[in-house]
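Residue numbers for the sequence shown, in UniProt numbering: 1 to 130. Yeah, the Cβ is synthetic: ideal placement off N, Cα and C, and Gly gets one too. Please read these numbers as outputs of a predicted model, since none were measured by experiment. So the structure is just underneath, and the comments pick up after that.
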Amino acid sequence: MDEALLRALTPQVIAILVRRGADFAAAEDAVQEGLVDAVRTWPTEPPRDPKGWLVTTAWRRFLDGRRAADARRERERIVDAEPVPDQVPSVDDSLQLYFLCCHPSLTPASAVALTLRAVGGLTTRQIAEA
Numbered sequence: 001m002d003e004a005l006l007r008a009l010t011p012q013v014i015a016i017l018v019r020r021g022a023d024f025a026a027a028e029d030a031v032q033e034g035l036v037d038a039v040r041t042w043p044t045e046p047p048r049d050p051k052g053w054l055v056t057t058a059w060r061r062f063l064d065g066r067r068a069a070d071a072r073r074e075r076e077r078i079v080d081a082e083p084v085p086d087q088v089p090s091v092d093d094s095l096q097l098y099f100l101c102c103h104p105s106l107t108p109a110s111a112v113a114l115t116l117r118a119v120g121g122l123t124t125r126q127i128a129e130a
């Protein structure tokens, strides 16, 4: 791999990305990522057109970064638009749970077992053994 070639191509590729609409910082980042890809790939699979390869790779990296940023902003917008949940009052609902467990449609044995399970926190095995 020719380091001098990569150094010579870097400003050219940045200029191409900027001309295509990337801001300078994003173009520079995309070219750097493209250079990393080149260092990994070119020793085993050298391209026929190094400049074209680097432009294509850097442009794809730029588009990937833009899409990721757009998706992140959209997720943040959705989260910001969600209403803030009201604070739940600190109320003990045990009495209501007792009444539900003792509903008239339940048999007395079922009501006792349900109360021990739901309110008392006992397991089914503990209730059966009692």
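*How many Å lie between F24 and I14 at the Cα?*
The residue given as residue 24 occupies position 24 in the sequence shown. The residue given as residue 14 occupies position 14 in the sequence shown. One C-alpha to the other measures close to 7 angstroms.
_I need the straight-line Cα distance from R66 to S94, nearest angstrom please._
Position 66 of the sequence shown, counted from the start, is the residue given in the question as residue 66. Position 94 of the sequence shown, counted from the start, is the residue given in the question as residue 94. So the alpha carbons of these two residues sit roughly 52 angstroms apart.
*asked:* Report the CB separation of V55 from I16 in whole angstroms; it is logged as a contact under 8 angstroms.
replied: As a first step, residue 55 must be located in the sequence shown, where it is residue number 55. As a first step, residue 16 must be located in the sequence shown, where it is residue number 16. 5 angstroms between Cβ atoms; contact.
_Is L106 a contact residue of the ligand COA, with contact defined as CB to any heavy atom under 7 angstroms?_
Judged by which ligands are present, the structure shown has none, so any question about the ligand COA falls away.
*Smallest Cα separation from Q96: which of E76, V119, R75?*
Against the sequence shown, residue 96 aligns to sequence position 96. Answer by Cα proximity: V119.
_Whole-Å CB distance - L5 paired with P43, under 8 angstroms assumed_ = Here residue 5 corresponds to residue number 5 of the sequence shown, with the count starting at 1. Here residue 43 corresponds to residue number 43 of the sequence shown, with the count starting at 1. Contact flag wrong, Cβ pair sits at about 13 angstroms.
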